[in-house]
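Below is one structure, written out as structure tokens, with a few remarks after it.
Protein chains: 2
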Amino acid sequence: MNHKEGSIRQLLRVPVGPVDVLRDFDAGANPGFPKDKGKNDVAQLNDQLDPEIDYRQEQMYAEGLQNPESAPSILLVLQGLDTAGKGGVIRHVIGMIDPSGVKIHAFKKPTEEELRHDFLWRIRKALPSPGDIGIFDRSHYEDVLVQRVEKLAPPEEIERRYGAINEFEAELVAGGTHLVKCFLHVSKGEQRERLLARLRNPEKYYKYNPGDVDTALKYDEYMTAYNIALTRCNTEFAPWFLVPSDDKWYRNWAIAQLLLETLETLQLGWPGADFDLEAERARVQALATK
Amino acid sequence: MNHKEGSIRQLLRVPVGPVDVLRDFDAGANPGFPKDKGKNDVAQLNDQLDPEIDYRQEQMYAEGLQNPESAPSILLVLQGLDTAGKGGVIRHVIGMIDPSGVKIHAFKKPTEEELRHDFLWRIRKALPSPGDIGIFDRSHYEDVLVQRVEKLAPPEEIERRYGAINEFEAELVAGGTHLVKCFLHVSKGEQRERLLARLRNPEKYYKYNPGDVDTALKYDEYMTAYNIALTRCNTEFAPWFLVPSDDKWYRNWAIAQLLLETLETLQLGWPGADFDLEAERARVQALATK
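So the protein sequences, as listed, match chains V and S.
Using the numbering used here, the first residue of the first sequence is number 1, and each one after it goes up by one.
Using the numbering used here, the first residue of the second sequence is number 1001, and each one after it goes up by one.
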């Protein structure tokens, strides 16, 4: 690949310690994007990333089929305010990958049944299998974000969840899952612009929900909730990455790059034959052709 | 699109009545493929199909979000012998579609729990939601194919299943699901060639399973089982399509085309705004930008 290994993982990594998103990060920045390239080069850059991601994803998938007890998996967690582009990332970045190896789960408002269980109950049921890339479109973080802002759970329960999340994620990592938690950061101005764009184009009306404005009005409260989550649940083993997302083209490129670098850290090869190669060749050669 | 509407659906449609696959169909044929084009033009043809499929799939997805009670869904059933290319279709054709609107389910050997239920139990749990394109990588047809050939169920139970499948599929269609049942037909010679290719390339060893040769040795018995299924479960409402699959490039193009034509028959538009457009524009315009 063209990039120095690990560079985007390093550049987007939220440093461990107190986080203040609006003070510390610029939603319009393009960290790590090649200096001599621009928006119009992204399609070509992604066309280069595509086969590299594909190749390494297939190795992980193969490992999952052949050695399910030891094969790794990746869990990409997508969080962000409305319009930040979770759907766009799934369409443009995850769309690069062989769908057989991808398991997407969109978490909506919890159902009655889900509410009767611990908040992690529905999350555990959606985890990727060995060899798979799991995508969470929203996640267990909603239980300390919207639930905190909208006071949908008692304060002491919200408080308990940060530790529960860290324990849960430690358990996932110990089981071979590589967590890539992405906060897609959009500015107030860009969010407003994207909501307006949906109201301008009849083909996008379906994406618009009047409730999005109620949420947008609480932008600062949501940022506070994100600051707490990014401070308290940002561990060495399950790091947060902040993806500046005012530029859609940068956001998509950066997450594709993050995914590729994560796949590269697994250092997988191809699983060897678990059968007698010569004997099988002879059996296949002996098959009738008519 | 360049094609006469419905042409691939008509050309690949298995006629209702007694079927004899090996007598009636050529696995190396390319029905409907533009006469003046060849293998090397497929990438370009698919590049034209891609945005058309995308556009219509997004309309169906939008309908699913906005009108879930009445929105249609599509269920693409992929059946075929080992090496016929079910995985290749998912990678190359389904990979064209926004992953958010696709639900893939691969049916393996039934588990103990699944065996304790009726054969359709696990199938019902994997059906696509309104607005989605569901993909079955193998399906309930395995219960009258491998189960028939390998005698995994009593003959009278196998016999019962053909009628049960027709009733089940009628119920799905009545509920708004459009079934596209594809039999990927490969010849004995091509199957042997593909198995050999897996044994020649260390990157493909993981796809090879010695059991595939045992199955290949029963090619004729499997064809007989397919003949019965394609004869007895080929209804007007849930038709079978036979996709000649010796040429991978043709197979992928044909299924992309089938999918597009099926989406076109739905004649969807974009759902209208279900909110007060002017009032919402005013609310968004009033949002702070800092």
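Note that the Cβ used here is the ideal one computed from N, Cα and C, for glycine as well.
Model, not experiment: these values are computed from the prediction.
Within the stretch 1076-1095 of chain S, those residues whose Cβ lies closer than 8 Å to any Cβ of chain V are, in chain order, G1087, I1090, R1091, I1094, G1095. Distance from the CA of E261 of chain V to the CA of G134 of chain V, rounded to the nearest whole angstrom, comes to 16 Å. Looking at the DSSP output, V180 of chain V bridges to V:L76. Residue contact with chain S for D98 of chain V: present (Cβ-Cβ distance below 8 Å to some residue of chain S). Per DSSP, the unbroken alpha helix (DSSP H) holding D54 of chain V starts and ends at 42-66.
Contact check between the stretch 1074-1084 of chain S and the stretch 1177-1185 of chain S: three or more CB pairs, one atom from each, fall below 8 Å, which counts as touching. For L1115 of chain S and L1152 of chain S, the gap between their C-alpha atoms comes out near 11 Å.
For L172 of chain V, the enclosing alpha helix (DSSP H) covers residues 155-174. In the structure shown, the three-state DSSP call for A1229 of chain S is helix.
With respect to M60 of chain V, G163 of chain V sits apart: the two C-beta atoms are not nearer than 8 Å. Interface annotation, Y1226 of chain S: not in contact with chain V, CB-CB separation never under 8 Å.
Linking E113 of chain V to R122 of chain V through their CA atoms gives a straight-line distance of about 10 Å. With a threshold of 8 Å between beta carbons, G189 of chain V makes contact with chain S. Going by beta carbons, L45 of chain V and W240 of chain V fall outside the 8 Å limit. The criterion of a C-beta distance shorter than 8 Å is satisfied by H185 of chain V and S245 of chain V. Here the alpha carbons of T1231 of chain S and E1221 of chain S stand approximately 15 Å from one another. One alpha carbon belongs to P128 of chain V, the other to R200 of chain V, and they sit about 38 Å apart. At least 8 Å separates the beta-carbon of L242 of chain V from that of Y1206 of chain S. In this structure, the alpha-carbon of N1067 of chain S lies about 24 Å from that of I1094 of chain S. For V1284 of chain S, there is no enclosing beta strand (DSSP E); the residue is part of the alpha helix (DSSP H) that begins and ends at 1277-1285. Listed in chain order, the non-local C-beta contacts of V1016 of chain S below 6 Å within the same chain comprise N1234, local neighbours out to five positions each way being set aside.
Closest in C-alpha terms to V146 of chain V, from the list V:S187, V:E167, V:M96, V:D214, comes V:D214. The shortest CA-to-CA distance from L1196 of chain S to any of V:E190, V:K248, V:A288, V:G38 is the one to V:A288. The C-beta of Y1222 of chain S comes no closer than 8 Å to any C-beta of chain V.
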